[in-house]
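In what follows, a structure is listed as structure tokens, so that the remarks can point back to it.
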Amino acid sequence: MAIIKIESLVFEYRKEDGAETVKAINNVSLDIEEGSFTAIIGRNGSGKSTLAKNINALLLPGSGAVYVDGFRTSDDSAVWEIRQRAGMVFQNPDNQLVSAIVEDDVAFGPENLGVAPVKIRERVEEALHSVDMYELRKKSPHMLSGGQKQRVAIAGVVAMRPKCIVFDEPTAMLDPRGREEVMGIMTRLHEEGITVILITHFMEETVRADRIIIMDAGQIVLDGPPAEIFRHSDQIRRLDLDVPLAVELADRLRKRGRAIPWDIIEDKEMVAYLCR
Amino acid sequence: MSIVVKDLVYIYGEGTPYETVALDGVSFEIGDEEFVGLIGHTGSGKSTLVQHLNGLLKPKSGQIFVGGTEITARKKGLTNIRRKIGLLFQYPEYQLFEETVYKDVAFGPSNLGLSETEIDQRVREAMFLVGLDFTAMAERSPFELSGGQKRKAAIAGVIAMRPDVLILDEPTAGLDPRSHADILDMLDKIRKSRGVIVILISHNMADVARMADKVIVMDGGKIALAGTPAEVFAQDEFLSAAGLGLPPITKFIREMRQKGAKIGSNPLTLDEAEEAIDAYLTTKRGAGA
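Here's what the structure looks like:
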């Protein structure tokens, strides 16, 4: 079943001078299956973040429609239903944390939903466990590392019990360890049944998805499983994007006349193949 | 131009329950035109260190010499130091504020009391160095530019000050792969054409391995490791304990070796790795494996 349905979505920005408009999203139609893990990539300005913000009603369609679990985002009365179902995690954790204590921060969302206090505690504890931050629940967010802060931000979303979480470049500001932590949590949430939509510039992160969507100039240019997408490595490079390391190496070795199987896209598989 | 740092100590919140030793006896030297990669996990002291280099923070003890001048001793004259040392924070595009790209890049030089002609020359030069087309971009609002262009405009503002040292904190964060590559190429170009020292703070080990002459690794407010990229990235166990890692390609080759592949070299770039893997495959086939 599709949890997100996007039908002929058009979204326009008005330029600063007020006269011209730019179509950030130009007629995109898309279904995202419940429980799936979709990675969206594209150069800066390709429309991927605009698309993400249309999913949880931070932005509303110029024309066309977006449905989240059956609720239409342009329907004013459905906004809370939608935001509860589709949570969002942004690039900079510092902009997403509001309280002086970790567990208060995580409770902020459910409190606003009017959840009963006893239930809030239950949800907060569960959310903190799910991002491995329970031990640090009494800490102040500013004492935490970047990866830990981002995990608290994710816990705040998880405590809303969403069906779907949109991650908009969640690892862009993190050190290598923080990136690993956040990717691990994202994979785990997906395994627990949450629909994950990941916007990223790190190609290595996309190989964990079961579907990759590549956007350019407000439109979808490629859409499919990672192994299929990365067969188009030349086209991907023309879109100013990279391919994962294993794909790059395979391409280079193929040019030297070595037959590397096309379904190899992850480092581990490539190492095993080369050392077989 | 050189930088010499001796026994630098800095303590945040001294005398409070939050007292933290952010820099704990840091010493190093950077030579003429060197490209330095400064790495370390969040909170390791990198940002605190570079804020000392242009006098934004004063050490509790220790000395810093920039081009032979001790900047830690003087009470006055910091303006001159800041002019010599261009520091670019994370997400510098948030600091763009003028109506046009031209005015934004010209802001720094205008405050130096230069003539109009000199300012104009500097703006053109800086825009050229960062790869922003003057005719197309100078009169546009910085807020209309793409993410990568905004970042370049912000960097141009620092370049226009003609610093001797350029310090950049994660200048490629959040940029797409193309803009990312553009920024790195630009740094190389600026170093070569203007002969500046570049200090790059980065979490991207591949960039550091490819660009830097010298890598400084910080951990717990100390310099944990320093050397050429080949020397530093040979210490994989140490790096992973410090919350860092290897460049992906170096890690890849290491994993091949663990699976029994006989690869002698320690490639730091894709080109080197491609050669090494190809040679390995040829030998393997020759051995009939």
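These protein sequence lines map, in sequence, to chains A and B. When the letters of the first sequence are read in order and numbered with our numbering, they come out as residues 1 to 276. When the letters of the second sequence are read in order and numbered with our numbering, they come out as residues 1001 to 1289. All C-beta atoms in this analysis are idealised placements derived from N, C-alpha and C, irrespective of residue type, glycine included. Because the structure is a prediction, the values reported are computed rather than measured.
Counting only beta-carbon atoms, is Pro-1267 of chain B nearer than 8 Å to chain A? no
For Tyr-1280 of chain B, the three-state DSSP class (helix, strand or coil): helix
Proximity to Val-152 of chain A [Cα-Cα], best of A:Lys-48, A:Pro-93, A:Gly-193: Residue A:Pro-93 is the option with its Cα nearest to Val-152 of chain A.
At the 8 Å Cβ level, is Val-1005 of chain B part of the contact set with chain A, yes or no? no
For Arg-1129 of chain B, which residues of its own chain have a beta-carbon under 6 Å away from its beta-carbon, when the five flanking residues on both sides are left out? One detail in the question is off: residue 1129 of chain B reads as Leu in this sequence, not Arg. Ile-1159, Ile-1190, listed in sequence order.
For Gly-1015 of chain B, which of helix, strand or coil comes out of DSSP? In this structure, Gly-1015 of chain B counts as coil in the three-state DSSP scheme.
Short CB-CB distance (under 8 Å) between Leu-1168 of chain B and chain A: no
Unbroken beta strand (DSSP E) run spanning Asn-27 of chain A, endpoints: That run of the beta strand (DSSP E) goes 21-33.
Check each candidate in B:Phe-1035, B:Phe-1089, B:Gly-1031, B:Tyr-1094 and name the one with the smallest Cα separation from Phe-1065 of chain B. B:Gly-1031
Relative to the C-alpha of Asp-1169 of chain B, which candidate in B:Lys-1084, B:Phe-1089, B:Arg-1122 has its C-alpha closest? B:Phe-1089
Residues in its own chain within less than 8 Å of Ala-1234 of chain B by CB, not counting five upstream and five downstream? Asn-1266
Check distances from the C-beta atoms of the region 163-184 of chain A to those of chain B and list, in chain order, the residues that come in under 9 Å. Glu-169, Ala-172, Met-173, Leu-174, Asp-175, Pro-176, Arg-177, Gly-178, Arg-179, Glu-180
In terms of residues, what are the limits of the beta strand (DSSP E) holding Gly-1043 of chain B? Careful: Gly-1043 of chain B lies outside any beta strand (DSSP E) and carries neither H nor E.
As an exercise, report each continuous alpha helix (DSSP H) stretch of at least 4 residues that is fully enclosed by the region 171-203 of chain A, in chain order. 176-191
Buried or exposed for Asp-1219 of chain B, going by 16 or more other Cβ atoms inside 10 Å? buried
To the nearest angstrom, how far is it from the Cα of Ala-1289 of chain B to the Cα of Glu-266 of chain A? Any reading at Ala-1289 of chain B must be qualified, since the residue scores a pLDDT of 44, below 50, and its modelled position is unreliable; no value is offered.
Counting only Cβ pairs nearer than 8 Å, list the residues of chain B close to Lys-286 of chain A. Residue numbering for chain A in the displayed model covers 1 to 276; residue 286 of chain A lies beyond these limits and cannot be assessed.
So, helix, strand or coil for Lys-5 of chain A, using DSSP? strand
Compare the C-beta of Leu-198 of chain A with all C-beta atoms of chain B and state if any pair is closer than 8 Å. no
With a threshold of 16 other CB atoms inside 10 Å of the CB of Phe-11 of chain A, please say whether the residue is buried or exposed. With 16 or more other Cβ atoms within 10 Å, it is buried.
Under a three-way DSSP split, which group does Ser-1202 of chain B fall into? coil
Under a three-way DSSP split, which group does Val-1123 of chain B fall into? Val-1123 of chain B: helix per DSSP, three-state reduction.
If I follow the unbroken beta strand (DSSP E) through Phe-108 of chain A, where does it start and stop? Where Phe-108 of chain A is concerned, there is no enclosing beta strand (DSSP E), although the alpha helix (DSSP H) it sits in stretches over 102-112.
So, does the region 178-197 of chain A touch the region 29-36 of chain A, judging by three or more C-beta pairs under 8 Å? yes
Given Arg-179 of chain A as reference, the closest of B:Tyr-1094, B:Thr-1042, B:Ser-1002 once Cα atoms are compared: The residue among B:Tyr-1094, B:Thr-1042, B:Ser-1002 with its C-alpha nearest the C-alpha of Arg-179 of chain A is B:Thr-1042.
Which residues DSSP lists as bridging Arg-208 of chain A, in chain order: Looking at the DSSP assignment, Arg-208 of chain A forms no beta bridge with any residue, so it has no partner.
Residue from B:Ala-1153, B:Phe-1143, B:Val-1026, B:Val-1036 with nearest C-alpha to Phe-1134 of chain B: The shortest Cα separation from Phe-1134 of chain B among B:Ala-1153, B:Phe-1143, B:Val-1026, B:Val-1036 belongs to B:Ala-1153.
Classify Ala-1154 of chain B as helix, strand or coil using the three-state DSSP reduction. helix
Let me see if you follow: with CB-CB separation under 8 Å, is Gly-1174 of chain B close to chain A or not? yes
Between Val-271 of chain A and chain B, is the shortest Cβ-Cβ distance under 8 Å, so that the two count as touching? Cβ-Cβ to chain B under 8 Å: yes for Val-271 of chain A.
Using a 10 Å radius around the Cβ and a threshold of 16 neighbouring Cβ atoms, would you call Gly-47 of chain A buried or exposed? buried
Taking buried to mean at least 16 other C-beta atoms within 10 Å of its own C-beta, is Gly-1286 of chain B buried or exposed? exposed
Three-way DSSP call (helix, strand, coil) for Glu-1237 of chain B in this model: helix
Alpha carbon of Pro-225 of chain A to alpha carbon of Gly-147 of chain A, nearest angstrom: C-alpha separation (whole angstroms): 28 Å.
Amino acids of chain B, ordered along the chain, whose beta-carbon sits closer than 9 Å to that of Asp-267 of chain A: Pro-1248, Lys-1251, Phe-1252, Glu-1255
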